[in-house]
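Take a look at the structure set out below.
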Amino acid sequence: MKEVNYKSLLKWRMGFNYPDQWYVSIDGTSSEEIFTLDQIKHMNENLQDSSVFVMNQKQAEFQDAEWFLYEDDDDGTVTCAWVFAFVVPIVGIIMAITFYAHPHRKKHATNILVTSIFMQILLIVGATLLEIYLL
Numbered sequence: 003m004k005e006v007n008y009k010s011l012l013k014w015r016m017g018f019n020y021p022d023q024w025y026v027s028i029d030g031t032s033s034e035e036i037f038t039l040d041q042i043k044h045m046n047e048n049l050q051d052s053s054v055f056v057m058n059q060k061q062a063e064f065q066d067a068e069w070f071l072y073e074d075d076d077d078g079t080v081t082c083a084w085v086f087a088f089v090v091p092i093v094g095i096i097m098a099i100t101f102y103a104h105p106h107r108k109k110h111a112t113n114i115l116v117t118s119i120f121m122q123i124l125l126i127v128g129a130t131l132l133e134i135y136l137l
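Mapping of the sequence shown onto the working numbering: residues 3 to 137, in sequence order.
Have a look at this one:
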């Protein structure tokens, strides 16, 4: 049984060009009603202690169709990357401003500022790639 989340199901559905129509089974009780991914995501948020299984309506037509275990999206890693992309360079910018206040350190402030901006660009690119990779 494969564990999936909103993003992976959306990517899977679009890869097969299937409609956004899903059967849902909650704790072994299947529903004949059709749901969308947005409805399933909301349903899963409200049913924290239940196991939610999903199957695309098109997939159900096949003999070897299987249910997917729906899990919450884990955006913690991506969120952490975006936080670092902005917090770490800000520390460098604060250091550069502090260096500008001291006459004998003023010449190093520009280097720190340029390095901070370069770090921010690298961290933003890294966070973007991480988000794409985890999608």
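Beta carbons are placed, not taken as given, at the ideal position from N, Cα and C, and that holds for glycine.
Query	Result
Cutoff 6 angstroms; reference Met97; Cβ partners in own chain excluding five residues on either side	Ile114
Collapsed DSSP secondary structure at Thr38 in the structure displayed	coil
Assumed close pair Tyr8, Leu39 - CB separation to whole angstroms, cut-off 8 angstroms	6 angstroms
In DSSP terms, what Trp24 is bridged to	Phe37 and Asn58
With 16 other Cβ atoms within 10 Å as the buried cut-off, status of Asn46	buried
Residue environment, Ser52, which counts as buried when at least 16 other CB atoms sit within 10 Å	exposed
Nearest-angstrom beta carbon gap, Glu133 and Met80 [assumed within contact, 8 angstroms]	With the sequence shown as reference, residue 80 is identified as Val, and Met is not the correct amino acid for it. Contact holds; Cβ gap of about 5 angstroms.
Terminal residues of the alpha helix (DSSP H) in which Phe18 lies	Tyr8 to Phe18
Collapsed DSSP secondary structure at Glu47 in the structure displayed	helix
C-beta neighbour in chain D for Leu11, strict 8 angstroms	In the structure shown, chain D cannot be found, because there is only a single protein chain.
Cβ distance (whole Å) where Tyr102 is taken to contact Val6 below 8 angstroms	Not confirmed; about 52 angstroms, so no contact.
C-beta atoms of Thr48 and Arg15 nearer than 8 angstroms	Strictly speaking, residue 48 in this sequence is Asn, with Thr absent from that position. Going by C-beta atoms, Asn48 is not nearer than 8 angstroms to Arg15.
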